[in-house]
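Following: one structure in structure tokens, then a few remarks.
In the working numbering, the protein residues as written are 349 to 629.
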């Protein structure tokens with residue numbers, strides 16, 4: 349990676365955010381997966397006018413908006429997040445997290461996996477660590493990590509619906525909590541780029557552009573095709589003190605509880621792209 353791309357964060361270390369409400373998050377919802385969850389195929393907002401699916405889509409959308417109104421009005425869900433921005437470098441396929449930008453004391457180490465498939469001449473087998481400056485370069489880079497949740501408070505609401513045998517509202521609430529968690533991840537990444545890390549302070553993108561990922565940087569999560577190993581969450585949770593700051597815990601199989609939660613890493617390199625690891629030996 350070119351060292352010219354390295355920008356030290358404005359707010360290094362841990363930042364806890366518990367002041368972002370539903371009103372802000374709902375503006376960042378990607379509605380496409382909402383309709384897909386109900387097995388309605390089609391792009392939003394065009395699906396609302398679809399000759400075959402439009403009527404059902406409009407009803408679902410109206411019910412979803414009403415549920416979001418309730419979330420907002422009654423403050424049922426309590427979104428929480430933690431961000432960590434750390435001095436870091438690549439060492440082989442590993443990522444070294446430093447205690448500070450002096451880069452003398454190793455705080456933690458994340459392990460990435462490298463593609464192993466045969467590629468044409470000039471092709472590159474990638475690992476996520478490649479998006480950071482090598483430790484031998486002497487240039488200290490930055491890696492971010494985050495955990496967000498929109499699931500606190502959901503369980504009690506769903507239990508109320510289930511007691512009333514209202515499975516539709518229970519499922520609707522779960523799907524919308526998941527959408528809000530993803531929206532929170534999107535909004536938080538935006539805030540990191542423009543403020544907390546600040547490597548793109550002049551960025552101005554509407555929600556459609558955000559959904560199309562027209563910004564600099566990526567936020568892969570353990571379990572994504574580029575980093576399928578969920579056990580790396582242990583290191584992320586320790587770095588961020590995530591359970592204390594967000595109330596999100598990990599099960600023995602590394603599922604997040606509450607389920608309407610998202611975690612991942614931030615890479616800021618201008619050429620950072622998502623990729624699939626593929627088979628490894």
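For glycine and all other residues, C-beta sits at the position ideal for the given N, C-alpha and C. Computed from a prediction, not measured in an experiment: that's the story for all the values here.
For residue 454, the enclosing beta strand (DSSP E) begins and ends at 454 to 459. Residue 517 carries a helical assignment under DSSP once its states are collapsed to helix, strand and coil. In the three-state scheme derived from DSSP, where H, G and I count as helix and E and B as strand, residue 497 is classed as strand. Beta bridge pairing from DSSP links residue 620 with no other residue. Residue 583 and residue 577 have their alpha carbons spaced roughly 12 Å apart. Inclusion of residue 445 and residue 435 in the CB contact set at 9 Å is warranted, their separation being smaller than that value. Per DSSP, the continuous beta strand (DSSP E) segment holding residue 437 begins and ends at 428 to 439. In the three-state reduction of the DSSP assignment, residue 602 falls in the coil class, being assigned neither a helical nor a strand state.
Distance between residue 572 and residue 625, taken at the CA atoms: about 9 Å. Looking at the backbone, the Cα of residue 568 and that of residue 405 are separated by about 30 Å. In this structure, DSSP gives residue 363 an extended state, which the three-state scheme calls strand. Residue environment for residue 609: buried (at least 16 other C-beta atoms within 10 angstroms of its C-beta).
In chain order, 424, 425, 521, 522, 525, 606, 608 place their CB closer than 8 Å to the CB of residue 502, counting only its own chain and leaving out the 5 sequence neighbours on each side. Per DSSP, the continuous beta strand (DSSP E) segment holding residue 444 begins and ends at 442 to 446. In its own chain, leaving out the 5 sequence neighbours on each side, no residue places its CB closer than 6 Å to the CB of residue 418.
Approximately 6 Å separates the beta-carbon atoms of residue 544 and residue 431; this is inside 8 Å, confirming the contact. With 16 or more other CB atoms across the displayed protein chains lying within 10 angstroms of its CB, residue 574 is buried.
Per DSSP, the continuous beta strand (DSSP E) segment holding residue 612 begins and ends at 609 to 614.
Distance from the CA atom of residue 455 to the CA atom of residue 487, rounded to whole angstroms, is 17 Å. Taking all protein chains shown into account, residue 508 has fewer than 16 neighbouring C-beta atoms within 10 Å of its C-beta and is therefore exposed.
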